[in-house]
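Everything on this sheet refers to the single structure shown next.
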Amino acid sequence: MTEHNHSPDDPATDPAAATATATAATNVPQATDLYLASRSPRRLELLAQLGLRPKVVVAEIDETPADHEAPEAFVARIAQAKAQAGWATLNGRASKPLLAADTAVVIGAQILGKPADADAALRMLALLSGRQHRVLTAVTLLAPAASADPQARNPALQRQVVVETQVQMRRITPAEARAYWASGEPSDKAGAYAVQGLGAIFVEAVRGSYSNVVGLPLFETAQLLREQGVDPLALPITS
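Residue numbering for the sequence shown follows the numbering used here, starting at 4 and increasing by one per position.
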């Protein structure tokens, strides 16, 4: 006859230990422990670098700059509006943090959005040619309180950071700008270029966060997420 010896803390014989083990397993952060209020494939790709696969929740908002609005205030306002609109779509059922971001290319005090057509893109590229500009991204995090009423419709926590990166462009000839537009890449990019794509051939230097220029500053984003228990280093390893 074989005897089986169990330690006092063995979950197989100790209900309290079993409960503690189950609770610990429940508290392990998961790749899906995040909502993202953005359809941007670039932000999804950047979050994937951190091992995250967020659930996308999006509501349309007006992204028009206000008269005389400072660029920093503009991106902060739009990121906040995106976050609040995304949160509202959850109808009080938010059980995990929600992330939103807005990125703007700024030269002087002028905010460059996505070009409406070829002429707009060529004007933007001419404006950026041979000059230094700034890329600003505001990141907003909303989160429910741990002990909040599950039916509460307002987030219990709001955090926001605005990150700036300086980008130096080389001179871009009109022929190069036309060829770049013809590639199709600039059409949905703020400032009419993508640093992570073909547009990299125009970028001499990046001072600051590279991922910020792509659309989401990963260092600052990871800090916000870790504050809410979503630590990329603690996520389960997947093959």
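Glycine is no exception: its CB is placed at the ideal position from the N, C-alpha and C atoms.
Own chain partners of residue i with C-beta closer than 7 Å, once the 5 adjacent residues on each side are dropped
i: Ala-84; result: Ile-64
i: Ala-25; result: At Ala-25, the pLDDT of 40 sits below 50, so the modelled position is not reliable; the number obtained from the coordinates is stated separately. Nothing meets the Cβ criterion.
i: Ala-62; result: Ala-88, Gly-89, Ala-91 and Thr-92
i: Glu-66; result: Ile-81
i: Phe-222; result: Ser-212
i: Ser-214; result: Leu-49, Pro-220 and Leu-221
Element boundaries [beta strand (DSSP E), containing residue i]
i: Ala-225; result: Run containing Ala-225: none in the beta strand (DSSP E); it sits in the alpha helix (DSSP H), 221-230.
i: Leu-101; result: 101-110
i: Leu-238; result: Leu-238 -> no beta strand (DSSP E), and no H or E assigned at all.
i: Leu-115; result: 113-115
Beta-carbon proximity check, residue i vs residue j, cutoff 9 Å
i: Val-138; j: Thr-106; result: yes
i: Pro-220; j: Val-170; result: no
i: Thr-224; j: Val-108; result: no
i: Ile-114; j: Pro-68; result: yes
i: Pro-177; j: Leu-53; result: no
i: Pro-74; j: Ala-124; result: no
Spatial distance of residue i from residue j (CA atoms)
i: Leu-128; j: Gly-95; result: 44 Å
i: Ala-195; j: Ala-88; result: 27 Å
i: Ala-28; j: Ser-98; result: Any reading at Ala-28 must be qualified, since the residue scores a pLDDT of 41, below 50, and its modelled position is unreliable; the value itself is stated next. C-alpha separation (whole angstroms): 17 Å.
i: Ala-203; j: Ala-121; result: 19 Å
i: Ala-103; j: Gly-133; result: 32 Å
i: Ile-81; j: Ser-43; result: 15 Å
i: Gln-161; j: Ala-79; result: 12 Å
i: Gly-232; j: Lys-117; result: 35 Å
i: Gly-211; j: Thr-168; result: 5 Å
i: Pro-147; j: Ala-180; result: 46 Å
i: Ala-197; j: Ala-86; result: 24 Å
i: Arg-126; j: Gly-200; result: 20 Å
i: Ser-41; j: Ala-185; result: 26 Å
i: Leu-39; j: Lys-192; result: 19 Å
i: Ala-119; j: Tyr-183; result: 15 Å
i: Met-322; j: Glu-48; result: Outside the shown range of the chain, which is 4 to 242, sits residue 322, and nothing can be said about it.
i: Phe-77; j: Val-164; result: 13 Å
i: Gly-244; j: Asp-70; result: This structure does not reach residue 244, given that the chain is present from 4 up to 242, and the question cannot be answered.
i: Ile-110; j: Gln-135; result: 8 Å
Cβ-based neighbour list, residue i, same chain, cut-off 6 Å, excluding 5 preceding and 5 following
i: Glu-230; result: none
i: Arg-144; result: Checking the sequence shown, residue 144 turns out to be Leu, not Arg. Here the set comprises Pro-100, Leu-102, Arg-162 and Leu-227.
i: Arg-45; result: Val-217 and Gly-218
i: Ile-175; result: Leu-128, Ser-132 and Phe-205
N-terminal and C-terminal residue of the alpha helix (DSSP H) that residue i is part of
i: Leu-128; result: 121-131
Neighbourhood of residue i by C-beta distance below 8 Å, restricted to the same chain and skipping five residues each side
i: Pro-245; result: The requested residue 245 does not occur in the structure, where the chain is confined to residues 4 to 242.
TODO: Mind listing, in chain order, the continuous beta strand (DSSP E) runs of no fewer than 3 residues lying wholly within the segment 137-220?
DONE: Scanning the segment 137-220 for uninterrupted beta strand (DSSP E) segments of 3 residues or longer gives 160-172 and 206-210, listed from N- to C-terminal end.
Task: Runs of beta strand (DSSP E) lying entirely within the segment 34-85, each at least 3 residues, in chain order - done: Every candidate beta strand (DSSP E) stretch fails here, since none sits fully inside the segment 34-85 while reaching 3 residues.
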